[in-house]
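Reading through the structure tokens given below for one structure.
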Amino acid sequence: MRERAKTSGRLKEMEDTPVQLPMWEDDTRALPNSLARGALFTAAKSEDRKYFKKLNVASLGGLEIQYRGEELRQDDASVFMTLLHLARHFPLGQPIHFTAYSMLKELGWSINKAEYQHLKECCDRLSATNVTVAIEKRITGKGPGDSASSGYAGSLIRSFAWRDSEGQQLSQWCVLLEPKIAQLFSENTFSLFAWSERKLIGGRAPLALWLHSFLITHREPLPISVPKYYELSASRAKDMADFRRRLRAALQKLVDIKFLKSFIIRNDVVYLTRTPRTMKAPTPALLGDPALV
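Start counting at 1 in the sequence shown, then tack on 2, and there's your number in the working numbering.
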């Protein structure tokens, strides 16, 4: 009887899982809240990338993330978001084809040999990962200790190919996403933002990029201490004084692009006011069992 109930629960979960990502606007991008509310994609810049065998990623309360793979940064986040953007046109599990040139244009990166290599390395990194996300949810109508967990376990990219079996470079690169990634795109579990804002920030301001993706997941940003931002962004600042300087510059960058109206740091706590924005709601995702796609 218990096994039947478990099977029924699994079937219900599969029926409620999208087989295609929601369809947001062309000038919009989306990111699961769980992947933005912590240090999965760090704010590090030019330092050597670390390799993690089993990292407990610093995240907000209610989230538990474990990660194995090479350190991911904001360039990887931009590539991942762009792949999600392309993937929304197809059922999950189908290959996504694109030219490296078109991807570089979409990202706003320079068109040269170094950036082609940079893009390839980002795709390689995203495909050689293992991420486990556990999201704790309060059960409506239950007591304060009653909750349920949902989440995701798998790679951010299932596979990536830029050359054929004979070693010849492909005219179009090919990426497969994990169909289960759809579990992170249920209602109220992801956020939309204007892609133009991220491009305005530019690739040389990783802390501002990290803050932007973190703050889009909060309609009304809560006051957060400077040390907490230091932890959540996995900053490589040499000390807290250096981080405070970097944080002020990053917040000012977000004011300059009009993402934030204002900010103030008082008693080592950051208070923010976001510029009001209205994003067009995406077309809901199709539901079903991704394994059947």
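For glycine and all other residues, C-beta sits at the position ideal for the given N, C-alpha and C.
Which residues DSSP lists as bridging residue i, in chain order
{"i": "residue 176", "result": "99 and 163"}
{"i": "residue 133", "result": "69 and 156"}
{"i": "residue 273", "result": "266"}
{"i": "residue 171", "result": "165"}
{"i": "residue 218", "result": "The partner list for residue 218 (beta bridge, DSSP) is empty, contrary to what the question assumes."}
{"i": "residue 281", "result": "In the DSSP output, where bridge partners are listed per residue, residue 281 has none listed."}
Residue i burial status per 10 Å Cβ neighbour count (16 or more: buried)
{"i": "residue 165", "result": "exposed"}
{"i": "residue 61", "result": "buried"}
{"i": "residue 285", "result": "exposed"}
{"i": "residue 23", "result": "buried"}
{"i": "residue 264", "result": "exposed"}
{"i": "residue 266", "result": "exposed"}
{"i": "residue 234", "result": "buried"}
{"i": "residue 243", "result": "exposed"}
{"i": "residue 31", "result": "buried"}
{"i": "residue 35", "result": "buried"}
{"i": "residue 170", "result": "exposed"}
{"i": "residue 148", "result": "Here the model assigns residue 148 a pLDDT of 42, short of 50, so the residue's position is not dependable, and the following value carries that caveat. By the neighbour-count rule (16 or more Cβ atoms within 10 Å), residue 148 is not buried but exposed."}
{"i": "residue 135", "result": "buried"}
{"i": "residue 80", "result": "buried"}
Beta-carbon separation (whole angstroms), residue i vs residue j, contact threshold 8 Å
{"i": "residue 2", "j": "residue 261", "result": "Summary: the structure shown does not reach residue 2, with the chain confined to residues 3 through 295, and so no result is reported for it."}
{"i": "residue 217", "j": "residue 208", "result": "In fact, because the Cβ distance is near 15 Å, the residues do not count as touching under 8 Å."}
{"i": "residue 55", "j": "residue 70", "result": "6 Å"}
{"i": "residue 68", "j": "residue 43", "result": "Between residue 43 and residue 68 the Cβ distance is about 15 Å, and since that is not below 8 Å, they are no contact."}
Checklist line | Touching by the beta-carbon criterion (3+ pairs, under 8 Å), the segment 199-213 and the segment 171-182 | finding: Here the segment 199-213 does not lie against the segment 171-182, with fewer than 3 beta-carbon pairs under 8 Å apart.
Margin query: Does the structure place the segment 247-256 close enough to the segment 57-75 that three or more beta carbon pairs sit under 8 Å?
Written below: They do not touch, by the three-pair rule.
Next item on the list: Check whether the segment 185-203 touches the segment 225-235, counting contact only when three or more Cβ pairs, one atom from each stretch, lie closer than 8 Å.
Entry: No, because fewer than three Cβ pairs between the segment 185-203 and the segment 225-235 fall closer than 8 Å, the two stretches do not touch.
Item checked: Contiguous alpha helix (DSSP H) assignments of at least 4 residues, all confined to the segment 100-127 -> Residue ranges of uninterrupted alpha helix (DSSP H) with 4 or more members, entirely inside the segment 100-127 and ordered along the chain, are 102-109.
Notebook entry, point to check: If you pair each beta-carbon of the segment 109-125 with each one of the segment 38-46, do three or more pairs fall below 8 Å?
Noted result: The segment 109-125 is not in contact with the segment 38-46.
Note to self: Assess contact between the segment 94-105 and the segment 47-55, defined as three or more Cβ pairs (one per stretch) separated by less than 8 Å. Is contact present?
What the structure shows: The segment 94-105 and the segment 47-55 do not touch, with fewer than 3 CB-CB distances between them shorter than 8 Å.
Checklist line | Minimum length 3: unbroken beta strand (DSSP E) runs contained in the segment 181-232 | finding: Entirely contained in the segment 181-232, the beta strand (DSSP E) runs reaching 3 residues are, in chain order, 192-196.
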